[in-house]
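A quick write-up on the structure given underneath.
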Amino acid sequence: MRNPSGSWRTPAIGAGIVLVVLVAIRALSPEQLDVPQAFNDFFTLTLSVLIESLPFVVLGVMLSILVQVWLPAGVIERFLPSQPFLRRACISLLGMFLPVCECGNVPLARGLIMRGFTVPESITFLIAAPILNPIVIVTTHAAFGWDSGILVWRILGGFLLANLIGWIYSRHPRPTSLLTPAFEEACRREEHTHGTRLGRSVEQFQTEARAVMPALIIGCSIAGAVQVLVPRSALVALGTNPVLSVAALMLLAVVISICSNVDAFFILSFGSTFLPGAIVAFLVLGPVVDVKLLALMRTTFTTRTLASITLIAVLFTGALGLVVNLVG
(Lines of atoms letter the chains of each structure in order from A; the text may use other names.)
(Lines give C-alpha, C1' and ligand atoms only; values in the text may rest on other atoms or scores of the structure.)
Protein backbone atom coordinates (compact mmCIF):
# COMPACT_ATOMS: atom_id res chain seq x y z
CA MET A 2 0.00 0.00 0.00
CA ARG A 3 1.28 3.44 -0.90
CA ASN A 4 2.25 5.57 2.09
CA PRO A 5 -0.11 8.55 2.14
CA SER A 6 2.57 10.83 3.43
CA GLY A 7 4.96 9.95 0.64
CA SER A 8 3.74 12.81 -1.53
CA TRP A 9 5.55 15.39 0.61
CA ARG A 10 8.62 13.38 1.55
CA THR A 11 10.44 13.57 -1.79
CA PRO A 12 10.10 17.39 -2.05
CA ALA A 13 11.22 17.72 1.57
CA ILE A 14 14.35 15.65 0.96
CA GLY A 15 15.02 17.65 -2.21
CA ALA A 16 14.64 20.89 -0.29
CA GLY A 17 17.07 19.63 2.33
CA ILE A 18 19.66 18.74 -0.32
CA VAL A 19 19.29 22.15 -1.94
CA LEU A 20 19.66 23.81 1.46
CA VAL A 21 22.89 21.97 2.22
CA VAL A 22 24.29 22.74 -1.24
CA LEU A 23 23.50 26.45 -0.86
CA VAL A 24 25.20 26.59 2.53
CA ALA A 25 28.24 24.77 1.16
CA ILE A 26 28.46 27.18 -1.76
CA ARG A 27 28.07 30.14 0.56
CA ALA A 28 30.82 28.81 2.82
CA LEU A 29 33.23 28.07 -0.04
CA SER A 30 32.82 31.26 -2.06
CA PRO A 31 31.00 33.96 -0.08
CA GLU A 32 32.42 36.75 -2.22
CA GLN A 33 30.61 35.43 -5.31
CA LEU A 34 27.15 35.48 -3.75
CA ASP A 35 25.33 38.65 -2.85
CA VAL A 36 22.85 37.21 -0.35
CA PRO A 37 21.10 39.28 2.35
CA GLN A 38 22.40 38.75 5.87
CA ALA A 39 19.03 37.37 7.01
CA PHE A 40 19.32 34.55 4.48
CA ASN A 41 22.88 33.84 5.58
CA ASP A 42 21.68 33.62 9.19
CA PHE A 43 18.79 31.38 8.18
CA PHE A 44 21.06 28.96 6.32
CA THR A 45 23.62 28.90 9.12
CA LEU A 46 21.10 28.39 11.91
CA THR A 47 19.17 25.73 10.00
CA LEU A 48 22.28 23.78 9.16
CA SER A 49 23.60 24.00 12.72
CA VAL A 50 20.35 22.63 14.17
CA LEU A 51 20.33 19.88 11.53
CA ILE A 52 23.95 18.86 12.18
CA GLU A 53 23.34 18.90 15.93
CA SER A 54 20.21 16.75 15.65
CA LEU A 55 21.13 14.27 12.93
CA PRO A 56 23.45 11.97 14.96
CA PHE A 57 20.83 11.60 17.68
CA VAL A 58 18.10 10.83 15.15
CA VAL A 59 20.26 8.09 13.62
CA LEU A 60 21.04 6.76 17.11
CA GLY A 61 17.34 6.78 17.92
CA VAL A 62 16.55 4.81 14.76
CA MET A 63 19.24 2.25 15.63
CA LEU A 64 17.90 1.87 19.18
CA SER A 65 14.39 1.55 17.77
CA ILE A 66 15.56 -1.33 15.58
CA LEU A 67 17.33 -2.90 18.57
CA VAL A 68 14.19 -2.72 20.69
CA GLN A 69 11.82 -3.78 17.94
CA VAL A 70 13.77 -6.46 16.09
CA TRP A 71 16.61 -7.80 18.22
CA LEU A 72 15.33 -7.80 21.81
CA PRO A 73 13.40 -11.02 22.54
CA ALA A 74 9.75 -10.65 23.47
CA GLY A 75 9.19 -9.90 27.14
CA VAL A 76 12.73 -8.76 27.99
CA ILE A 77 11.63 -5.22 28.81
CA GLU A 78 8.06 -6.02 29.76
CA ARG A 79 8.89 -8.52 32.48
CA PHE A 80 10.64 -5.84 34.54
CA LEU A 81 7.64 -3.48 34.42
CA PRO A 82 4.81 -3.49 37.00
CA SER A 83 1.37 -4.54 35.85
CA GLN A 84 -0.38 -1.63 37.56
CA PRO A 85 -0.82 1.02 34.81
CA PHE A 86 0.28 4.07 36.81
CA LEU A 87 3.40 2.37 38.21
CA ARG A 88 4.13 0.88 34.79
CA ARG A 89 4.12 4.32 33.15
CA ALA A 90 6.25 5.71 35.97
CA CYS A 91 8.87 3.04 35.29
CA ILE A 92 8.65 3.59 31.53
CA SER A 93 9.32 7.28 32.07
CA LEU A 94 12.65 6.27 33.63
CA LEU A 95 13.76 4.13 30.67
CA GLY A 96 15.58 7.17 29.36
CA MET A 97 18.14 6.56 32.11
CA PHE A 98 19.27 3.52 30.11
CA LEU A 99 18.63 4.92 26.61
CA PRO A 100 20.50 8.26 26.55
CA VAL A 101 18.98 9.81 23.42
CA CYS A 102 17.85 13.43 23.11
CA GLU A 103 14.35 14.43 22.01
CA CYS A 104 15.02 13.93 18.28
CA GLY A 105 16.22 10.36 18.66
CA ASN A 106 13.39 9.54 21.03
CA VAL A 107 10.77 9.91 18.29
CA PRO A 108 11.87 6.84 16.28
CA LEU A 109 12.53 5.01 19.55
CA ALA A 110 9.00 5.74 20.79
CA ARG A 111 7.67 4.55 17.42
CA GLY A 112 9.58 1.31 17.95
CA LEU A 113 8.04 0.85 21.40
CA ILE A 114 4.53 1.16 19.93
CA MET A 115 5.39 -1.35 17.21
CA ARG A 116 6.72 -3.66 19.91
CA GLY A 117 3.36 -3.60 21.68
CA PHE A 118 3.55 -0.76 24.19
CA THR A 119 0.38 1.29 24.44
CA VAL A 120 0.20 4.77 22.96
CA PRO A 121 0.01 6.47 26.42
CA GLU A 122 3.05 4.46 27.54
CA SER A 123 4.98 5.52 24.46
CA ILE A 124 4.03 9.18 24.95
CA THR A 125 5.14 8.99 28.59
CA PHE A 126 8.54 7.71 27.47
CA LEU A 127 8.76 10.27 24.68
CA ILE A 128 8.17 13.20 27.06
CA ALA A 129 10.36 11.97 29.93
CA ALA A 130 13.41 10.47 28.25
CA PRO A 131 14.96 13.69 26.85
CA ILE A 132 15.04 15.15 30.37
CA LEU A 133 15.68 12.09 32.52
CA ASN A 134 18.60 10.62 30.59
CA PRO A 135 22.04 10.62 32.25
CA ILE A 136 23.73 12.87 29.66
CA VAL A 137 21.17 15.63 30.22
CA ILE A 138 21.42 15.29 34.00
CA VAL A 139 25.23 15.49 33.90
CA THR A 140 25.31 18.49 31.55
CA THR A 141 22.68 20.34 33.57
CA HIS A 142 24.70 19.76 36.74
CA ALA A 143 27.87 20.88 34.97
CA ALA A 144 26.15 24.11 33.93
CA PHE A 145 24.28 24.98 37.12
CA GLY A 146 25.44 22.64 39.87
CA TRP A 147 22.91 22.78 42.67
CA ASP A 148 22.29 26.53 42.28
CA SER A 149 18.65 27.53 42.88
CA GLY A 150 17.62 23.86 42.63
CA ILE A 151 17.49 24.13 38.83
CA LEU A 152 18.70 20.55 38.31
CA VAL A 153 16.25 19.09 40.83
CA TRP A 154 13.34 21.12 39.47
CA ARG A 155 14.17 20.02 35.93
CA ILE A 156 14.24 16.32 36.82
CA LEU A 157 11.10 16.54 38.95
CA GLY A 158 9.27 18.66 36.37
CA GLY A 159 10.13 16.31 33.50
CA PHE A 160 8.99 13.26 35.45
CA LEU A 161 5.71 14.84 36.57
CA LEU A 162 4.88 16.29 33.15
CA ALA A 163 5.49 12.98 31.36
CA ASN A 164 3.34 11.04 33.78
CA LEU A 165 0.61 13.68 33.76
CA ILE A 166 0.34 13.52 29.98
CA GLY A 167 0.56 9.73 30.03
CA TRP A 168 -2.24 9.53 32.61
CA ILE A 169 -4.47 11.91 30.64
CA TYR A 170 -4.12 9.86 27.46
CA SER A 171 -4.59 6.61 29.35
CA ARG A 172 -8.17 7.82 29.92
CA HIS A 173 -8.72 8.15 26.17
CA PRO A 174 -11.42 5.73 24.91
CA ARG A 175 -9.45 4.84 21.76
CA PRO A 176 -5.74 5.67 22.14
CA THR A 177 -4.85 4.42 18.65
CA SER A 178 -6.80 7.36 17.22
CA LEU A 179 -3.97 9.55 18.51
CA LEU A 180 -1.74 8.08 15.78
CA THR A 181 -1.56 9.13 12.16
CA PRO A 182 -3.18 6.73 9.66
CA ALA A 183 0.21 6.21 7.99
CA PHE A 184 1.83 5.06 11.25
CA GLU A 185 -1.14 2.86 12.13
CA GLU A 186 -0.71 1.18 8.75
CA ALA A 187 3.02 0.75 9.41
CA CYS A 188 2.22 -0.96 12.73
CA ARG A 189 -0.18 -3.36 11.01
CA ARG A 190 2.43 -4.20 8.38
CA GLU A 191 5.02 -4.86 11.08
CA GLU A 192 2.75 -7.43 12.72
CA HIS A 193 2.92 -9.52 9.54
CA THR A 194 6.59 -8.98 8.74
CA HIS A 195 8.74 -12.08 8.38
CA GLY A 196 12.33 -12.77 7.37
CA THR A 197 15.75 -12.63 8.94
CA ARG A 198 16.52 -10.12 11.68
CA LEU A 199 19.16 -8.47 9.52
CA GLY A 200 16.73 -8.06 6.63
CA ARG A 201 14.05 -6.69 8.92
CA SER A 202 16.60 -4.29 10.44
CA VAL A 203 17.53 -2.90 7.03
CA GLU A 204 13.88 -2.57 6.05
CA GLN A 205 13.02 -0.87 9.34
CA PHE A 206 15.93 1.56 9.00
CA GLN A 207 14.70 2.56 5.55
CA THR A 208 11.13 2.96 6.81
CA GLU A 209 12.12 5.10 9.78
CA ALA A 210 14.54 7.20 7.75
CA ARG A 211 11.86 7.94 5.15
CA ALA A 212 9.44 8.92 7.90
CA VAL A 213 11.75 10.97 10.13
CA MET A 214 14.33 12.67 7.89
CA PRO A 215 11.96 14.92 5.88
CA ALA A 216 10.29 16.03 9.11
CA LEU A 217 13.70 16.77 10.62
CA ILE A 218 14.67 18.92 7.63
CA ILE A 219 11.39 20.82 7.72
CA GLY A 220 11.56 21.29 11.49
CA CYS A 221 15.15 22.57 11.35
CA SER A 222 14.21 25.00 8.59
CA ILE A 223 11.31 26.35 10.64
CA ALA A 224 13.55 26.69 13.69
CA GLY A 225 16.14 28.59 11.65
CA ALA A 226 13.53 30.92 10.17
CA VAL A 227 11.93 31.70 13.53
CA GLN A 228 15.29 32.43 15.14
CA VAL A 229 16.00 34.96 12.42
CA LEU A 230 12.59 36.62 12.76
CA VAL A 231 12.33 36.79 16.58
CA PRO A 232 14.83 39.29 18.08
CA ARG A 233 16.51 37.86 21.17
CA SER A 234 16.93 41.36 22.61
CA ALA A 235 13.16 41.57 23.05
CA LEU A 236 13.25 38.43 25.18
CA VAL A 237 16.16 39.58 27.33
CA ALA A 238 14.31 42.81 28.18
CA LEU A 239 11.71 40.71 29.99
CA GLY A 240 14.17 38.75 32.12
CA THR A 241 13.59 40.32 35.53
CA ASN A 242 9.81 40.06 35.57
CA PRO A 243 8.77 36.89 37.49
CA VAL A 244 5.88 36.19 35.10
CA LEU A 245 7.07 37.59 31.78
CA SER A 246 10.53 36.06 32.20
CA VAL A 247 8.95 32.59 32.32
CA ALA A 248 6.85 33.29 29.24
CA ALA A 249 9.86 34.71 27.37
CA LEU A 250 12.11 31.71 27.94
CA MET A 251 9.28 29.29 27.17
CA LEU A 252 8.92 31.03 23.82
CA LEU A 253 12.68 30.85 23.34
CA ALA A 254 12.66 27.11 24.14
CA VAL A 255 10.11 26.44 21.43
CA VAL A 256 11.91 28.67 18.92
CA ILE A 257 15.55 27.79 19.47
CA SER A 258 15.03 24.00 19.12
CA ILE A 259 18.35 23.13 20.74
CA CYS A 260 19.22 19.57 21.76
CA SER A 261 18.42 18.69 25.37
CA ASN A 262 21.95 17.29 25.79
CA VAL A 263 23.44 20.79 25.47
CA ASP A 264 20.57 23.20 26.19
CA ALA A 265 21.79 23.80 29.76
CA PHE A 266 25.03 25.32 28.47
CA PHE A 267 23.11 27.48 26.00
CA ILE A 268 20.74 28.91 28.60
CA LEU A 269 23.54 29.36 31.14
CA SER A 270 24.41 32.63 29.40
CA PHE A 271 20.94 33.92 30.37
CA GLY A 272 21.41 32.94 34.02
CA SER A 273 22.46 36.39 35.18
CA THR A 274 19.50 38.02 33.41
CA PHE A 275 16.57 35.66 33.96
CA LEU A 276 15.07 34.30 37.15
CA PRO A 277 15.53 30.59 38.06
CA GLY A 278 11.89 29.77 37.32
CA ALA A 279 12.31 30.98 33.76
CA ILE A 280 15.45 28.84 33.35
CA VAL A 281 13.60 25.78 34.65
CA ALA A 282 10.66 26.42 32.33
CA PHE A 283 13.06 26.61 29.38
CA LEU A 284 14.82 23.37 30.37
CA VAL A 285 11.56 21.45 30.81
CA LEU A 286 9.53 22.76 27.88
CA GLY A 287 12.20 22.73 25.17
CA PRO A 288 12.70 18.94 25.05
CA VAL A 289 8.92 18.45 24.85
CA VAL A 290 7.50 20.83 22.21
CA ASP A 291 10.13 22.75 20.27
CA VAL A 292 9.29 23.33 16.60
CA LYS A 293 11.80 20.78 15.31
CA LEU A 294 10.47 18.10 17.63
CA LEU A 295 6.84 18.82 16.75
CA ALA A 296 7.66 18.29 13.08
CA LEU A 297 9.23 14.93 13.96
CA MET A 298 6.33 13.93 16.21
CA ARG A 299 3.90 14.69 13.38
CA THR A 300 5.20 11.54 11.65
CA THR A 301 3.53 9.54 14.42
CA PHE A 302 0.80 11.58 16.12
CA THR A 303 -2.11 13.57 14.72
CA THR A 304 -2.12 17.36 14.69
CA ARG A 305 -4.88 17.40 17.31
CA THR A 306 -2.80 15.19 19.60
CA LEU A 307 0.24 17.45 19.24
CA ALA A 308 -1.88 20.53 19.93
CA SER A 309 -3.19 19.05 23.18
CA ILE A 310 0.29 17.87 24.25
CA THR A 311 1.62 21.37 23.58
CA LEU A 312 -1.19 23.00 25.58
CA ILE A 313 -0.67 20.72 28.57
CA ALA A 314 3.11 21.17 28.46
CA VAL A 315 2.88 24.97 28.21
CA LEU A 316 0.42 25.24 31.10
CA PHE A 317 2.43 22.86 33.27
CA THR A 318 5.83 24.42 32.64
CA GLY A 319 4.41 27.92 33.04
CA ALA A 320 3.00 26.97 36.43
CA LEU A 321 6.25 25.22 37.36
CA GLY A 322 8.30 28.27 36.49
CA LEU A 323 6.07 30.53 38.58
CA VAL A 324 6.30 28.14 41.55
CA VAL A 325 10.11 28.07 41.32
CA ASN A 326 10.21 31.87 41.26
CA LEU A 327 7.89 32.08 44.27
CA VAL A 328 9.72 29.56 46.46
CA GLY A 329 13.13 30.73 45.27
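For the sequence shown, our numbering assigns the number 2 to the initial residue and increments by one for each residue that follows.
C-beta: ideal position from N, C-alpha, C; glycine also.
Item	Value
Would Gly167 pass as a contact of Glu122 if the rule is Cβ separation under 8 Å?	yes
Between Thr303 and Leu179, which are expected to be in contact by the criterion C-beta below 8 Å, what is the C-beta distance as a whole number of angstroms?	6 Å
Measuring from the CB of Met63, is there a heavy atom of the ligand NAD at a distance below 7 Å?	For the ligand NAD, the structure offers nothing, since it holds no ligand at all.
Would you check if the distance between the CB atom of Ser83 and the CB atom of Ala129 is smaller than 8 Å?	no
Considering only their Cβ atoms, is the gap separating Pro108 from Val62 smaller than 8 Å?	yes
Which word fits Asp148, buried or exposed, when buried means at least 16 other C-beta atoms lie within 10 angstroms of its C-beta?	exposed
Output needed for Gly96: all residues of its chain with C-beta closer than 8 Å, excluding positions within five of it in sequence on either side, in chain order.	Asn106, Phe126, Ala129, Ala130, Pro131, Ile132, Leu133, Asn134
Which of the three DSSP states is assigned to Leu99 in this structure?	coil
Using 8 Å as the threshold, is the C-beta distance between Asn334 and Val59 below it?	Residue 334 lies beyond the residue range present for the chain, which begins at 2 and ends at 329; the question has no answer from this structure.
Mapping DSSP to helix, strand and coil, what is Leu180?	strand
Taking the alpha helix (DSSP H) that Pro174 falls in, what are its first and last residues?	Pro174 -> no alpha helix (DSSP H), and no H or E assigned at all.
Compare the beta carbon distance of Phe184 and Arg111 with 8 Å and say whether it is the shorter of the two.	yes
Quick one: grab the DSSP three-state call for Phe80.	helix
Please determine, among Gly225, Phe206, Leu87, Val292, the residue with the shortest C-alpha to C-alpha distance to Ala163.	Leu87
DSSP beta-bridge partners for Phe317?	For Phe317, which the question treats as bridged, DSSP gives no partner whatsoever.
My output table needs one value for Leu307: the three-state DSSP class, helix, strand or coil.	helix
Is it buried or exposed for Ser246, if we count other Cβ within 10 angstroms and need 16 for buried?	buried
Gly278 lies in the alpha helix (DSSP H); which residues open and close that run?	277-290
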